[in-house]
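Residue numbers (my numbering): 3 to 78. Note that the Cβ used here is the ideal one computed from N, Cα and C, for glycine as well. Written out below as structure tokens is the structure these notes cover.
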Amino acid sequence: MNLTFGFILFPDMTQLDLTGPFEVFSRMPGATTHLIWKTLDPVRTDRGLMMIPTTTFEECPALDLVCVPGGPDKWH
């Protein structure tokens with residue numbers, strides 16, 4: 003079974019919250035993974051690592067699962 007996974011990028015996300023699940027899902031036989039953002043420009047994580055989107059929201063194919071990583075709580 004081929005599955006397509008999408009990982010949403012956003013500024014100040016926590017890198018490990020994205021790359022941990024990405025490692026697991028991308029190792030599944032036949033899996034396709036996409037890093038999604040509104041542009042293809044690099045997105046900076048909360049610790050300064052730059053993540054490179056592979057597709058945009060507009061161009062993203064149909065997905066079987068969407069993963070939204072966490073980020074620092076800036077609301078208190």
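As assigned by DSSP and simplified to three states, the class of residue i
{"i": "G50", "result": "coil"}
{"i": "L67", "result": "strand"}
{"i": "G8", "result": "strand"}
{"i": "I41", "result": "Reading off the sequence, residue 41 comes out as Thr, not Ile. Coil, per DSSP."}
beta-carbon residue i near the ligand SAH non-hydrogen atom, thresh 6 Å
{"i": "V68", "result": "For the structure depicted, the ligand SAH is absent and the ligand set is empty, with no information on it obtainable."}
8 Å CB neighbourhood of residue i in its chain, flanking five on each side removed
{"i": "C62", "result": "G8, H36, I38"}
{"i": "D66", "result": "L5, T6, F7"}
{"i": "D43", "result": "P55"}
Classification of residue i by the beta-carbon crowding that lies within 10 angstroms, buried from 16 upward
{"i": "P55", "result": "buried"}
{"i": "L11", "result": "buried"}
{"i": "T41", "result": "exposed"}
{"i": "V45", "result": "buried"}
Same chain, Cβ closer than 7 Å to residue i, neighbours up to 5 away in sequence not counted
{"i": "F27", "result": "F7, A33, T35"}
{"i": "F24", "result": "F9, T35"}
Same chain only: Cβ atoms within 6 Å of residue i, ignoring 5 sequence neighbours per side
{"i": "C69", "result": "F9, P23"}
{"i": "M53", "result": "L11, V45"}
Original post:
Where are the alpha helix (DSSP H) runs, 4 residues long or more, that stay fully inside the stretch 13–39, in chain order?
Top reply: 17–28
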